[in-house]
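If you read the sequence shown in my numbering, its first letter stands for residue 5, the second for the next number, and so on.
From the three backbone atoms N, C-alpha and C, an ideal C-beta is built for every residue, glycine too.
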Amino acid sequence: MTDLAQLIASAGYCKACATMRRVAPCHKCGADLIEPHPAWEEPAIPDVEPIRRLAREVGYAIGVHGSQERDLDLIAAPWTEEAVSAEQLAEHIARGINGRVLAPGPKPLGRWACNIAIDGWFKLIDLSVSPGGVHSADTPTKSMQTAIELHRTLIAAPEQSLQRLLDEMSSRALQAQQETSENE
Ligand SMILES: [Zn+2]
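The following block contains the structure:
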């Protein structure tokens, strides 16, 4: 008996998670399992290493997250000054593994994501690309500068004045909130 046949004999398929389970109901989503067709063959999870190699060629590092069941969840982080755009990265990977880019688009906090479907019987790749972020460490943003100054003040302050400082901060925050709601 092959591993797959053994698995099918002892388990069912969770449609919600798109994966085989050893025990019913699905431990992850609680759904009942169905009996897969005897000819059903689970699509393979794509190999990460060729993707890592391709990403490195264009300035990115790849991290794997998620359970690697429904799809292969990858996070790409720009790693070198030569890092290409998120779109170019996705195209470069897709070309290198005989796949194509699907559903590209922006995500919260400047993230960019797409799916890559490999030609053949494979699960989808879900690629999330982190934004370039802060380019120069010596030009902090305004909010970062405020945080740095606040941190310095906190370190320098004697303990009894910390409470006063916190009170001051919360009253300022409250004031800002009130001003915002008055302007609405
Ligand atoms: Zn499930």
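Near residue i, what residues of its chain come up, given a Cβ to Cβ distance below 6 Å and the 5 sequence neighbours on each side ignored?
{"i": "residue 70", "result": "77"}
{"i": "residue 15", "result": "24, 25 and 26"}
{"i": "residue 50", "result": "76, 122, 126 and 129"}
{"i": "residue 115", "result": "132"}
Whose CA, out of the options, lies closest to the CA of residue i?
{"i": "residue 86", "options": "59, 119 and 97", "result": "59"}
{"i": "residue 72", "options": "61, 56, 82 and 48", "result": "48"}
{"i": "residue 96", "options": "80, 174 and 158", "result": "80"}
{"i": "residue 112", "options": "124, 134, 119 and 159", "result": "134"}
{"i": "residue 93", "options": "110, 55 and 124", "result": "55"}
{"i": "residue 109", "options": "89, 101, 154 and 124", "result": "89"}
{"i": "residue 91", "options": "62, 169, 124 and 57", "result": "62"}
{"i": "residue 102", "options": "182, 124 and 57", "result": "124"}
{"i": "residue 53", "options": "83, 100 and 154", "result": "100"}
{"i": "residue 84", "options": "136, 165 and 176", "result": "136"}
{"i": "residue 57", "options": "42, 98 and 44", "result": "98"}
Going along the chain, which residues of its own chain have a beta-carbon closer than 8 Å to the beta-carbon of residue i, five neighbours each way excluded?
{"i": "residue 20", "result": "30, 33 and 35"}
{"i": "residue 119", "result": "75, 105, 106, 107, 128, 129, 130 and 131"}
{"i": "residue 37", "result": "15, 16, 17, 18, 25, 28, 29 and 30"}
{"i": "residue 40", "result": "12, 16, 17 and 24"}
Considering only residues of the same chain and omitting the five flanking positions on each side of residue i, which have a CB-CB separation below 7 Å?
{"i": "residue 180", "result": "none"}
{"i": "residue 82", "result": "63, 64, 134 and 136"}
{"i": "residue 182", "result": "none"}
{"i": "residue 174", "result": "none"}
If residue i and residue j are in contact, beta carbons under 8 Å, what's the gap, nearest whole angstrom?
{"i": "residue 150", "j": "residue 169", "result": "Not really, about 14 Å apart at Cβ, beyond 8 Å."}
*Is it true that the region 18-32 meets the region 60-67, where meeting means three or more beta-carbon pairs spaced less than 8 Å apart?*
The answer is no - the region 60-67 does not touch the region 18-32, with fewer than three Cβ pairs under 8 Å.
*Along the chain, which unbroken stretches of the beta strand (DSSP E) at least 3 residues long are found entirely within the region 51-128?*
Entirely contained in the region 51-128, the beta strand (DSSP E) runs reaching 3 residues are, in chain order, 64-69, 76-82, 103-110 and 116-122.
*3 or more residues per run - each beta strand (DSSP E) lying fully within the region 17-48*: Listed in chain order, they are 23-25.
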